[in-house]
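Heads up: the sequence shown is residues 1 to 556, going by the UniProt record's numbering.
Even glycine gets a Cβ: it sits at the ideal position worked out from N, Cα and C.
From a predicted model like this one, the values you see are computed outputs, not experimental measurements.
Report on one structure; see the data block that follows.
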Amino acid sequence: MAIIHITVTLGVVAATAIGYGLACGYQHRSKINQLRKQGIAMPKWNWWTGHLLVLQKYTDRLPPDANVQLAMEELALEYGDTEVFLMDFWPVYPPFFIVYDPQAAMQVSTKLVLPKLPLHLKFMLPIVGGPNLHSMNGQEWKTWRSMFNPGFSAARMTDLLPAVIDSVQVFCDILRENVDSGIVHLDDLTTRLTMDIILKVTLDMNSGHQRSEHPIAHALHTITAWHSFWDPRVLMNPLRPFIQKYYGNVMNHCIQAELQQRFAEMIQDKSESKPKRAKSVIALALEAYLADPQLSKNVGDPNKLDEHFAKYASYQIRLFLFAGNDTTSSSIVYVYHLLSKYPEVLRQVREEHDRVFGTDPSAASKRLKDEPTLLSQCPLTLAVIKETLRLFPPASTTRGGRSNASLTDRHGNVYPLDYVGANILHPAAHHNPRVWPRVDEFLPERFLVSAGHELYPDPGAWRPFEQGPRSCIGQTLVYNEMQVVLVMTARVFNISPAYDEWDRLNPPTRLLRRLSQWTGLSKPGPRTVKGERAYQTEKAGTHPADGYPCRVALVA
1 MAIIHITVTL GVVAATAIGY GLACGYQHRS KINQLRKQGI AMPKWNWWTG
51 HLLVLQKYTD RLPPDANVQL AMEELALEYG DTEVFLMDFW PVYPPFFIVY
101 DPQAAMQVST KLVLPKLPLH LKFMLPIVGG PNLHSMNGQE WKTWRSMFNP
151 GFSAARMTDL LPAVIDSVQV FCDILRENVD SGIVHLDDLT TRLTMDIILK
201 VTLDMNSGHQ RSEHPIAHAL HTITAWHSFW DPRVLMNPLR PFIQKYYGNV
251 MNHCIQAELQ QRFAEMIQDK SESKPKRAKS VIALALEAYL ADPQLSKNVG
301 DPNKLDEHFA KYASYQIRLF LFAGNDTTSS SIVYVYHLLS KYPEVLRQVR
351 EEHDRVFGTD PSAASKRLKD EPTLLSQCPL TLAVIKETLR LFPPASTTRG
401 GRSNASLTDR HGNVYPLDYV GANILHPAAH HNPRVWPRVD EFLPERFLVS
451 AGHELYPDPG AWRPFEQGPR SCIGQTLVYN EMQVVLVMTA RVFNISPAYD
501 EWDRLNPPTR LLRRLSQWTG LSKPGPRTVK GERAYQTEKA GTHPADGYPC
551 RVALVA
């Protein structure tokens, strides 16, 4: 009898869950169908699968590890006459409008300032640990953003430039050690470089990560290696949550130990009347904490750091470490990649550096430390970086909807946001042939010409750091890092891709290929995207395929 009772109970629970799921699904699909009947633009839609199978058709055209944004870009550019259209990926994602019209994108980010979705925290939680500037909204976001803004100001980034230069010098030494030594995976070297820099900038920590792996970096890289925003093969791995939880605790322990140490040092300096100008991001946040009694009102001992503040500050630091490491490192690789494909642009960059820093490349680091403003005298270098970020944008942005709000496209069509959010799809926005003349060409001069020139970009079309009040807090740091890297390496090293050689040396065996295809881990098909072997992958930060195998040589 007990077994029958348990069986019946489980059956009722299962039937209730299935019924609830079907009811939710019907309610959702009915709303989308109503929008479809109203004439809202969308690809061919299905009551059961929404647009999931539509996207699958495009992902099947790409290599298995290609970033899903590349499939979305192909879909958008083939379909979207209006440059705004609805995609229904329920139950995987909420529905949203794909946006790559510059004016509509500005409505999302600047005019309406649409909120972030709870989904952002859900998907970023293993990486950042809790509520963060990427997922927060309203007053909570304003409070924490204002606390960290001074740490990423242009003046503060100039103060920290010597630390960036020191890290890049180590990077140069490592490149020199790899000259003519065989195939090098550049993405690994740049990832170590940017992690070294972001640890200095945020935590004032000399990690030495470029030479030996630091525990925080190892923990973060393990978490991201077990993470995906889309791939079910990763998301459904039963080991994933346990591994990510363990290494998340490792990160929390290390970061909070650094927080407590910096806090104790600041309290001691204050008691001894030793004014010390704080430089790191977290030091400035701690200064704001000490200056605001409301932040520490729950702490009886003024020499003790509030646990809530320490926990939330750790979440922000984890976000900075992730965003300041992955996306910047892959962007540096793509700068080298494009300069190797366009030697005339590389020649002009080298000439610019000779004019600004003198003809001895080894003296550039000292010149920069003495005169940080010299970076502002390298407009072509900055234009190269901007054009690289146009061709290889590292991310996109998704926002939630809002009652009684709507988007309007360039044809005057109205898209209600009561139930549907918006995704500004950066790859499509940056590769929109209507907006960008000679869209597939690498033309840094786009960012040097004056308004009125045919190449002059639409202000709303270029958005690698997003626009509006929620634009990337660390964009000045990214520019500084990438410019310093080019100034200190472009005249010293020739870096050329070695994909052909890598593919010859690493062919999958016939048995392994068949096994991988049978399990779904790989599939026959292209190894390029639009003819590009160094395509952006699903690895966090849209890193280049296979870690960008290359060869390093000295400039003759």
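Could you give the C-beta distance for residue i and residue j, rounded to a whole number, given that I count them as a contact under 8 Å?
i, j, result
"A313", "L259", "6 Å"
"G129", "N252", "6 Å"
"D196", "S228", "The Cβ separation is near 26 Å, so there is no contact."
"T158", "P372", "5 Å"
"A104", "D306", "About 42 Å; that fails the 8 Å criterion."
"G468", "T110", "4 Å"
"D65", "A545", "7 Å"
In terms of residues, what are the limits of the beta strand (DSSP E) holding residue i?
i, result
"I424", "G421 to I424"
"L554", "P549 to L554"
"V99", "F96 to V99"
"P118", "Here P118 belongs to no beta strand (DSSP E); instead the alpha helix (DSSP H) covers P118 to V128."
"V84", "V84 to M87"
"S496", "F493 to P497"
Is it buried or exposed for residue i, if we count other Cβ within 10 angstroms and need 16 for buried?
i, result
"Y152", "Just to set this straight, residue 152 is Phe in the shown sequence, not Tyr. Result: buried."
"F242", "exposed"
"V552", "buried"
"Y26", "exposed"
"R491", "buried"
"D370", "exposed"
"Q483", "buried"
"Y100", "buried"
"V555", "exposed"
"Y334", "buried"
"H353", "buried"
"Y246", "exposed"
"G138", "exposed"
"residue 558", "Residue numbering for the chain in the displayed model covers 1 to 556; residue 558 lies beyond these limits and cannot be assessed."
"G248", "buried"
"G460", "buried"
"H134", "buried"
"C24", "exposed"
In the DSSP assignment, find the alpha helix (DSSP H) that holds residue i and state where it starts and stops.
i, result
"V333", "E307 to K341"
"Y58", "L52 to T59"
"M205", "Per DSSP, M205 belongs to no alpha helix (DSSP H) and is neither H nor E."
"L133", "First-last for L133: undefined, no H or E at that position."
"I165", "L161 to E177"
"V414", "Element bounds for V414: not the alpha helix (DSSP H) but the beta strand (DSSP E), V414 to P416."
"N480", "Q475 to T489"
"residue 565", "Lying outside 1 to 556, the shown extent of the chain, residue 565 is not represented and no answer is given."
"K386", "P379 to L391"
"A291", "V281 to A291"
"R463", "Per DSSP, R463 belongs to no alpha helix (DSSP H) and is neither H nor E."
Mind checking who residue i pairs with in its DSSP beta bridge?
i, result
"R399", "A422"
"S228", "Paired residues: none, contrary to the question."
"Q536", "P544"
"H185", "P549"
"T190", "DSSP lists no partner for T190."
"L407", "Y415"
"N46", "G50"
What does a CB cutoff of less than 6 Å around residue i pick up in its chain, not counting 5 residues either side in sequence?
i, result
"M72", "L425"
"F447", "A383 and K386"
"A175", "Reading off the sequence, residue 175 comes out as Leu, not Ala. Excluding sequence neighbours, L175 sits near F493 and V552."
"F357", "A364 and R367"
"H543", "D187, S330 and T537"
"R470", "none"
Please work out which residues of its chain come closer than 8 Å, Cβ to Cβ, to residue i, disregarding the five sequence neighbours upstream and downstream, and give them in chain order.
i, result
"G80", "A41, I98, Y100 and A428"
"Y315", "V128, G129, G130, P131 and N132"
"L53", "N46"
"P437", "E454 and L455"
Who are the Cβ neighbours of residue i in its own chain at under 7 Å, not counting the five residues just before and after it?
i, result
"P393", "H426, P427, H430 and P464"
"G541", "D326, T327, S329, S330 and P394"
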